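Per the UniProt record's numbering: the sequence shown = residues 1 to 514.
Beta carbons: idealized from backbone N, C-alpha and C, even for Gly.
A quick note: this is a predicted structure, and the numbers were derived from the prediction, not measured.
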Amino acid sequence: MDEDQEDTIVLGELRSASPPPDKISSLHEIVFVLLVCLCQILTQAGVAQTINPVKEIGSTFDVQDEPGKLSWFSASYSLTVGTFILIAGRLGDLYGYKLIFNAGFFVFGVWSLIAGFAGFTNSDVFFNIARALQGLGPAFAMPNAVALLGHYFPMSKKKMIYMASYGAVAPLGFVLGAIFSGIFAQLVWWPWMFWVNGMVCFGVIVLSYFFIPHNIGSKTEGAFDWWGSITGVSGLILINFAWNQGPNVGWDVPYNYILLIVGFLFMGAFCIASKYAANPLLPMSCLRGETGFVLGCIASGWSCFGIWLYYSFRWAETVDNLHPILSAVQFLPAPFCGFCAAGLTVFLLRKSSSSVVMVVALLAFFVGIVLMGTRAEHQIYWGQKFFSILIQSFGMDMSFPAGTMILSSVLPRHQQGLAGSLVSTFVNYSISIGLGIAGTVEFYTTKDLPPGYETTVKGYRNAFYIGMGLAGLGVILSVTFLALQSFGNQRRESRFVESVDSQSAAEKKSEDAV
1 MDEDQEDTIV LGELRSASPP PDKISSLHEI VFVLLVCLCQ ILTQAGVAQT
51 INPVKEIGST FDVQDEPGKL SWFSASYSLT VGTFILIAGR LGDLYGYKLI
101 FNAGFFVFGV WSLIAGFAGF TNSDVFFNIA RALQGLGPAF AMPNAVALLG
151 HYFPMSKKKM IYMASYGAVA PLGFVLGAIF SGIFAQLVWW PWMFWVNGMV
201 CFGVIVLSYF FIPHNIGSKT EGAFDWWGSI TGVSGLILIN FAWNQGPNVG
251 WDVPYNYILL IVGFLFMGAF CIASKYAANP LLPMSCLRGE TGFVLGCIAS
301 GWSCFGIWLY YSFRWAETVD NLHPILSAVQ FLPAPFCGFC AAGLTVFLLR
351 KSSSSVVMVV ALLAFFVGIV LMGTRAEHQI YWGQKFFSIL IQSFGMDMSF
401 PAGTMILSSV LPRHQQGLAG SLVSTFVNYS ISIGLGIAGT VEFYTTKDLP
451 PGYETTVKGY RNAFYIGMGL AGLGVILSVT FLALQSFGNQ RRESRFVESV
501 DSQSAAEKKS EDAV
């Protein structure tokens with residue numbers, strides 16, 4: 001089968017897509033979409049739970065002056081969110097998206113409660129374990145939330161709007177999480193933000209039973225890729241652990257770089273297992289061509305975003321001397337820009353190619369972190385920080401929905417869980433890896449300097465610089481993607497013109513013969 005035939009089959013699948021039999025009313029549909037978007041909101045709120053009040057949480061465990069241990073509060077959550085999403089997407093394809101969606105929220109709720117009760121202990125290790133297991137919930141819910149939208153709605157303007165809305169609420173989720181975590185930490189006690197989060201998760205389960213249609217998608221047949229799951233998850237966990245443990249113990253400690261090497265060996269085994277599996281967890285074909293460039297752009301941009309976010313709050317607390325509530329309130333413009341970015345994404349995807357959207361998104365990531373990372377000490381909020389928040393929001397809310405819509409349209413309907421998994425995996429895993437890379441740079445560029453305010457600021461600056469480098473890499477990838485996509489379109493147009501000319505010539509020859 002040649003490339004043109006494959007394109008025809010894919011387009012045929014998209015055109016023949018239709019809503020499932022259980023059609024619902026407009027009001028029911030709105031509540032359904034809101035519940036799916038709430039998954040994104042709560043996931044991003046979970047990230048903010050420990051970024052904003054990190055010093056208050058650290059004080060409970062007596063690690064408030066150990067940056068490497070503080071970063072684990074956020075990295076442990078993002079580690080499991082990014083690692084287990086692929087498995088969750090495949091389970092959704094096998095057993096039903098709604099079932100795995102609700103199972104994810106059950107796990108999210110239970111471990112949110114346990115993470116709150118960790119405040120009664122004096123163990124930051126126990127808290128990090130609870131945070132990691134808390135992250136399993138969003139890992140199972142997010143890809144199936146995307147699949148619920150992708151499988152229920154046919155390719156249309158409505159689907160693009162709903163997908164864009166799902167990505168647009170990400171800043172809203174983080175800001176809400178940051179504000180409420182700041183309020184609880186400053187006025188009550190920080191565990192309350194975890195207990196409230198757990199109660200909300202159980203509420204979502206109840207509402208989803210009534211408002212999410214029961215027969216979205218058909219359960220696909222096929223065995224679960226156990227070898228791919230074991231090797232892939234093991235590799236991702238070990239690589240992530242090594243990068244985030246580096247700032248704590250240093251890379252000269254043997255077990256740290258040994259774990260990194262073993263992690264890469266596991267990933268090699270994962271690639272081999274995927275090649276020979278009958279139903280691979282991640283077909284290697286999904287990482288080639290257009291999807292490969294899209295995922296590479298997302299990885300670069302969101303690793304930059306994780307650094308920008310974490311160190312923006314550290315800068316606000318250490319340099320600007322802001323309390324957690326005010327630090328969070330400064331990010332309020334982000335949700336409004338997010339919805340504008342989502343609308344722009346829908347417009348650009350309808351009027352231009354996906355590569356254009358990625359270039360704009362990566363430029364936003366790059367400009368946003370440059371503005372934040374080059375701020376003068378004690379500069380007013382309206383100088384550079386305000387504009388950095390506005391611009392960075394466009395990076396978030398253009399890359400995520402664009403990537404989701406691109407993969408959702410490229411992959412067949414029975415792999416919609418995989419489409420959601422890939423984007424969410426790269427987003428969340430990249431955030432965690434980005435924090436580990438930045439923490440390593442901060443550690444090694446300041447370890448020989450005397451402790452103090454200036455050393456701390458220097459470490460923050462260097463972390464921002466590595467974020468700029470990652471965003472710059474993303475810009476290069478996106479521009480390359482644009483060039484290749486433009487060249488590919490020209491070749492297809494040229495083949496089409498040649499085909500039309502040859503057909504016309506054949507018809508003329510036939511007429512002359514008659």
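Secondary structure of residue i, DSSP reduced to three states
i: Ser156; result: coil
i: Arg90; result: helix
i: Ala376; result: coil
i: Glu493; result: Interpretation of Glu493 is limited by its pLDDT of 46, a score under 50 that renders its predicted location unreliable; no figure is taken from the coordinates.
i: Gly250; result: coil
i: Ile24; result: coil
i: Met163; result: helix
i: Arg461; result: helix
i: Gln64; result: coil
i: Trp190; result: coil
i: Ile216; result: coil
i: Phe224; result: coil
i: Pro283; result: coil
i: Pro171; result: helix
i: Gly96; result: coil
i: residue 522; result: Nothing can be reported for residue 522, as the shown portion of the chain is limited to 1 through 514.
i: Ala299; result: helix
i: Asn52; result: coil
i: Ala483; result: helix
i: Ala178; result: helix
i: Ala278; result: coil
i: Leu265; result: helix
Whether residue i touches residue j by CB criterion (8 Å)
i: Ser156; j: Cys37; result: no
i: Ala178; j: Asn321; result: no
i: Tyr77; j: Gln40; result: no
i: Leu287; j: Gly232; result: no
i: Phe180; j: Met193; result: yes
i: Ala145; j: Phe101; result: yes
i: Cys304; j: Phe481; result: no
i: Phe464; j: Met372; result: yes
i: Gly203; j: Gly235; result: no
i: Gly167; j: Ala342; result: yes
i: Thr80; j: Gly173; result: no
i: Ser424; j: Pro143; result: yes
i: Arg131; j: Ala115; result: yes
i: Ser430; j: Ser355; result: no
i: Phe136; j: Phe84; result: Strictly speaking, residue 136 in this sequence is Leu, with Phe absent from that position. Result yes, Cβ atoms of Leu136 and Phe84 sit closer than 8 Å.
i: Leu94; j: Phe224; result: yes
i: Trp315; j: Ala273; result: no
i: Thr291; j: Leu207; result: no
i: Trp195; j: Leu113; result: yes
i: Ala147; j: Gly92; result: yes
i: Val427; j: Met358; result: no
i: Leu260; j: Ile239; result: yes
i: Leu349; j: Ala402; result: yes
i: Gly383; j: Arg375; result: yes
8 Å contact criterion, which residue i and residue j should meet: CB distance rounded
i: Glu301; j: Leu390; result: According to the sequence provided, residue 301 is Gly. The question's Glu does not apply to it. Wrong, their Cβ atoms sit about 16 Å apart, outside the cutoff.
i: Gly68; j: Phe313; result: Actually they do not touch by this definition, with Cβ atoms about 16 Å apart.
i: Ile87; j: Ser229; result: 5 Å
i: Thr345; j: Met398; result: 5 Å
i: Phe153; j: Phe32; result: Not a contact, Cβ separation roughly 10 Å.
i: Trp214; j: Lys98; result: Sequence inspection shows His at residue 214; the Trp mentioned does not correspond to that position. With 8 Å as the limit, His214 and Lys98 qualify as a contact, their Cβ atoms being about 7 Å apart.
i: Trp243; j: Ile466; result: That belief does not hold up - the Cβ atoms of Trp243 and Ile466 are roughly 12 Å apart, past 8 Å.
i: residue 542; j: Cys201; result: Outside the displayed span of the chain (1 to 514) sits residue 542, for which this structure offers no information.
Residue i: CB within 7 Å of a non-hydrogen atom of the ligand SAH
i: Thr60; result: You won't find the ligand SAH in this model; it holds no ligand whatsoever.
Any chain B beta carbon closer than 8 Å to residue i
i: Leu309; result: Judged by its chain identifiers, the structure shown contains no chain B, having just a single protein chain.
Inset, instruction - Specify whether the segment 55-73 and the segment 247-266 touch according to this definition: at least 3 beta carbon pairs, one from each stretch, less than 8 Å apart. - result: Below 8 Å, enough C-beta pairs join the segment 55-73 and the segment 247-266 to call them touching: three or more.
Legend entry - Within the segment 303-365, ranges of the alpha helix (DSSP H) (whole runs, at least 4 residues): Assignment of alpha helix (DSSP H) within the segment 303-365, counting only whole runs of 4 or more residues, yields 324-329, 333-351 in chain order.
Inset, instruction - Report the residue ranges of all beta strand (DSSP E) runs contained in full by the segment 103-144; include only those spanning at least 3 residues, in chain order. - result: You should have found no qualifying run.
Legend entry - Segment contact flag, the segment 308-317 with the segment 40-52, C-beta cutoff 8 Å, min 3 pairs: Contact annotation: the segment 308-317 touches the segment 40-52, with at least three C-beta pairs closer than 8 Å.
Inset, instruction - Mind listing, in chain order, the continuous beta strand (DSSP E) runs of no fewer than 3 residues lying wholly within the segment 381-451? - result: If you keep only unbroken beta strand (DSSP E) runs of at least 3 residues inside the segment 381-451, you get nothing at all.
Inset, instruction - Decide yes or no for the touch test of the segment 391-398 against the segment 326-340: beta carbon pairs closer than 8 Å, at least 3 of them. - result: Counting C-beta pairs closer than 8 Å gives three or more between the segment 391-398 and the segment 326-340, which meets the contact rule.
Inset, instruction - State whether the segment 425-443 contacts the segment 324-333, with contact taken as three or more CB pairs (one from each stretch) at a distance under 8 Å. - result: At 8 Å Cβ cutoff, the stretches do not touch.
Inset, instruction - Taking 8 Å as the threshold, find out whether the segment 457-477 comes into contact with the segment 117-131 through three or more Cβ pairs. - result: No, the segment 457-477 does not touch the segment 117-131.
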